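For reference, the structure discussed in these notes is given below.
Protein chains in written order, with our numbering: chain W, 1 to 494; chain B, 495 to 597; chain A, 598 to 1082.
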């Protein structure tokens, strides 16, 4: 279905226009730059809402735009959205304005920060909408750069180390993606078309070369696993999170991590369905390690932000487990978990940022009794914490339940062990909540102000979504369910 | 004994190796230059010899040799100018002593 | 004996003649004009190069050799002429800025750049080993002098001497190799050599020795490892604008010579590719590794760029080894991209000086972003393009270099290439980190940079991004070239 409205293009490149405008604004107009950046994330959000309204789950690929770009090499500007990308695109356009609000406190090199941030948004939206392999890769790499600077310039004390570690890890992975891309291109007679590639691969010499396929799938898996981040490639994440400014942590956990799983579902699975089956057990085992190991690590942390970072590793394990199961419940649960984790973890990082702005430290044992003086703050935190541990009625519960339901018939032992992750999660979250908010009030923090209006504006939409999807999960499930069913059919048939 | 092309080639090879030997073992700028000249001339000898023993009267060997001679002269001019300039700065043209950059 | 006078078609070499006239005019202006204004010299050179550029554009390509089979005006040579002329213009512009602080070298600097350019253009159109050799010498001699032109710095003299001795040495190899090739094939004409080799592709020891020596000779010129030792010293010691032209023009011309001799189909040694490919394969491999490993350890900006340039020679050689059409196209595209990013990087090195102090260490760039945001931004583009970040011409170029290697089934070579590229991100990013993250130390402010330098950097940066997003702009021309040969 060819779109006449260029909705996705506008959505993707509006922030870029904003970035250019920010760049030509004099650097002294700090507040104006912030306002400008905020305003330029709003059209994308509006278009995102419009996209949700217009999207017809039964119709497959929509909002397609296709223009030849580098004709000699068959590279196209080919974008579109299906049930898998729509939730991710919406998540991105939703989180970006919130993150701009969360960055209001940035006062050093404001111009550079907001220009890079808007560039980052364009890159992320591009990744989620690209249907041309080459275009996907370009956006994938393009996004890396602003992220590197945003951590490396505006981060914490060890920012340079964290930024370069993040950069090199991701780059290392994308090299494999690049190699896979070139090999596929050369073997299919020159195609980057992600939609058509599956059949083109099947009918090319690659289709029968199982060994080559195995290597290519492994290469892609490594590229995406680093982003997820799956064990043993996860070590960049805690460093990056601890050093990154709040808003960047939100983007990192809320959106960037999803790109790993998104890439597997968008590229690796459909292109090599047989390998997807072969690798299922392997991915499930890695998922299990992520779930349990991530949760155990989170338990051991004293830094609140690091705790949330490790909980992300654990929660991304659920996504991988659901993906590996290849059952309807598992796959749908995985995508739902991607969206839910995006909103929940965004809340968590925002909340950590709020308290860090006030207390200037994140040591869990350094607080105590905050609930007494900060009722709004503790309320939000309570909601986010419970959503994170999977309390029924909140969105996290639905997706986790679906994942385990889907995985149980396929990987019985793994699922049973994986369930222990939920217990550990409940343990560390409740324990943390108790240490920070309950008990006697730490006198040092008796005078802390509660959430400001700006902070509440950031948190309310997320809280609303977390509750809404906890009660009516089908609101979003129905969007991607047909797409996922189709993907399962492709993979299991192959 | 008739002098064949092999003899020329052997002489030229000896010249080439001598030149190479000088370039590799000597550290004096001018001597290295002399070694290079030997190498160029060994090539010239080759050109002329090959040309002489070719059945059809091709000229390009001789022409090439003339070009090499001309350019070698031009090179020598530049070389001596550079050596002079370096000598003024360093008071030596010994390659090991002309070194002020960190490696 | 009847001597046939070959047809002289001077208008076919008009661009070269225009550059020659400009160079002589610039050089002579010193004699007749009392005090030569720098601006006038640069303007004259720019004008001459522009006229030559558009003359080259308007030439009609033809595959028939002219001047008794010595040179050929095919579309390849026309494209390369334009690349060299554009490069010479950029170097003149960044040199203009350098000359403000070192006025003694003017206007000889500009004239020498132009003379070297003629050599490059001659190489680009050689159809015979004689003009190829003459072109190499025409290009090398002015560069030897340029390297030593800064008489106030000891390093410049050292660089000049080292450059000269190794250059002359490599010329010896080159000539000796050509002599053997001539002895075996009885001709120096590349087309005839190609035909006779295609007819009976027999690798006699003399022939193998011949092109091995030729390869070594050219390997020195383009600083392929293990013949690269001169490059870091020369790049570091030579005045920066001279370094820029040595690193780009001379290296590209060297690759063009390799291309003319080794890969063009139906010409020269293409028939014996089984013999020379393994050689270049290994050279490319070693060069990529040594170049990148060396660059990692440098704290001197120019030395780092020298090693990075060695590494890029390795990437070019990798695609070159494939001997395919896509390899040739990728090489040509990357040459253009390489020219822009390297000249740009050296241009920033010139512009980022503080009063009385040239930018030498990478650390000297600290805080550039705060004081000269556009310089830092442009330098970031150059560094990212050198590293191969999508959105820049460096990425597109590298992608097709690797693609050519993969297509030729040089998987291990491509893998090493990709891994070393990965490594290279570290040292290129370090430059950006210094500019953006590190605070300027309490030293003097950066100088204001001149209009000409700013223009050159803008052209380079815009060109890199433009070619990165719309590679078609250049690719269609390149396809014409490789389609013609």
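Note that CB positions come from ideal geometry on N, CA and C, so glycine has one too.
None of these values were measured; they are calculated from a predicted model.
Using the beta-carbon of each residue, which ones in chain W are nearer than 9 Å to residue 1004 of chain A?
-> 182 and 186
Contact check, residue 713 of chain A vs residue 736 of chain A, beta carbons under 8 Å | yes
Taking just the CA atoms, how far does residue 942 of chain A sit from residue 771 of chain A?
-> 31 Å
Keeping to the same chain, check which residues put their C-beta closer than 7 Å to that of residue 308 of chain W; ignore five residues upstream and five downstream.
-> 345, 348, 349 and 352
Name the residue from W/181, W/396, W/284 and W/189 whose alpha carbon lies nearest to the alpha carbon of residue 137 of chain W.
-> W/181
If you run the structure through DSSP and keep just helix, strand and coil, what is residue 833 of chain A?
-> helix
Bounding residues of the beta strand (DSSP E) (the contiguous stretch that carries residue 63 of chain W) | 62-70
Neighbouring residues, chain W, relative to residue 1076 of chain A (Cβ below 8 Å) | 72
Report yes or no: do three or more beta-carbon pairs, one from the region 987-1000 of chain A and one from the region 103-118 of chain W, lie closer than 8 Å?
-> no
Taking the alpha-carbon positions, what's the residue 529 of chain W to residue 462 of chain W distance?
-> In the structure displayed, chain W extends from 1 to 494; residue 529 of chain W sits before or after that span and is not available.
With 8 Å set as the bound, which would you pick, yes or no: does the beta-carbon of residue 591 of chain B sit closer than that to a beta-carbon of chain A?
-> no
Using a Cβ-Cβ cut-off of less than 9 Å, list which residues of the region 122-139 of chain W approach chain A; keep chain order.
-> 134, 137, 138 and 139
So residue 369 of chain W and residue 442 of chain W are in contact, right, with Cβ under 8 Å, and what is the actual spacing, rounded?
-> 6 Å
Is residue 1081 of chain A helix, strand or coil by DSSP?
-> The predicted position of residue 1081 of chain A is uncertain, since its pLDDT is 44 and thus under 50; no value can be drawn from it.
Residue(s) in a DSSP beta bridge with residue 958 of chain A | A/897
Cβ contact check for the region 926-934 of chain A and the region 993-1013 of chain A: 3 or more pairs under 8 Å | yes
Distance CB(residue 256 of chain W)-CB(residue 313 of chain W) smaller than 8 Å | no
Three-state secondary structure assigned by DSSP to residue 949 of chain A = coil
Find the nearest neighbour of residue 73 of chain W within the set A/1001, A/887, A/803 and A/655, judged by alpha-carbon distance.
-> A/1001
Near residue 249 of chain W, which residues of its chain fall below 6 Å by C-beta distance, leaving aside the five closest residues on each side in sequence?
-> 241 and 349
How about residue 71 of chain W and residue 786 of chain A: are their beta carbons less than 8 Å apart?
-> no
Between the Cα of residue 394 of chain W and the Cα atoms of W/478, W/336 and W/434, which residue gives the shortest distance?
-> W/336
For the beta strand (DSSP E) that contains residue 81 of chain W, what are its first and last residues?
-> 75-81
How about residue 775 of chain A and residue 790 of chain A: do their beta carbons lie closer than 8 Å?
-> no
Unbroken alpha helix (DSSP H) run spanning residue 695 of chain A, endpoints = 672-698
Counting pairs of Cβ atoms below 8 Å between the region 751-768 of chain A and the region 677-693 of chain A, do you hit three or more?
-> no
Among residues of its own chain, excluding the 5 on either side of residue 153 of chain W, which ones have a beta-carbon nearer than 6 Å to its beta-carbon?
-> none
Note down the Cα distance separating residue 304 of chain W from residue 156 of chain W, rounded to an integer number of angstroms.
-> 15 Å
Contact with chain A by residue 114 of chain W, beta-carbon distance below 8 Å = no
Determine contact between the region 646-658 of chain A and the region 666-682 of chain A, defined as no fewer than three beta-carbon pairs at a distance below 8 Å.
-> yes
Is the region 561-580 of chain B close to the region 532-543 of chain B, with three or more CB pairs under 8 Å?
-> yes
Could you name the residues of the region 525-549 of chain B whose beta carbon sits closer than 9 Å to any beta carbon of chain A, in the order they occur along the chain?
-> 526, 527, 529, 530, 531, 532, 533, 534, 536, 537, 538, 539, 540, 541, 543, 544, 545, 547, 548 and 549
Under 9 Å (Cβ pairs) to chain A, residues found in the region 161-172 of chain W = 163, 164, 167, 168, 171 and 172
How would you call residue 1081 of chain A, buried or exposed, if buried means at least 16 neighbouring beta carbons within 10 angstroms?
-> With a pLDDT of 44 at residue 1081 of chain A, under the threshold of 50, the predicted position of this residue should be treated as unreliable, and no value is reported.
Considering only C-alpha positions, which residue in the set A/793, A/817 and A/1056 is nearest to residue 769 of chain A?
-> A/817
Among A/706, A/767, A/981 and A/1007, nearest to residue 740 of chain A - alpha-carbon criterion = A/706
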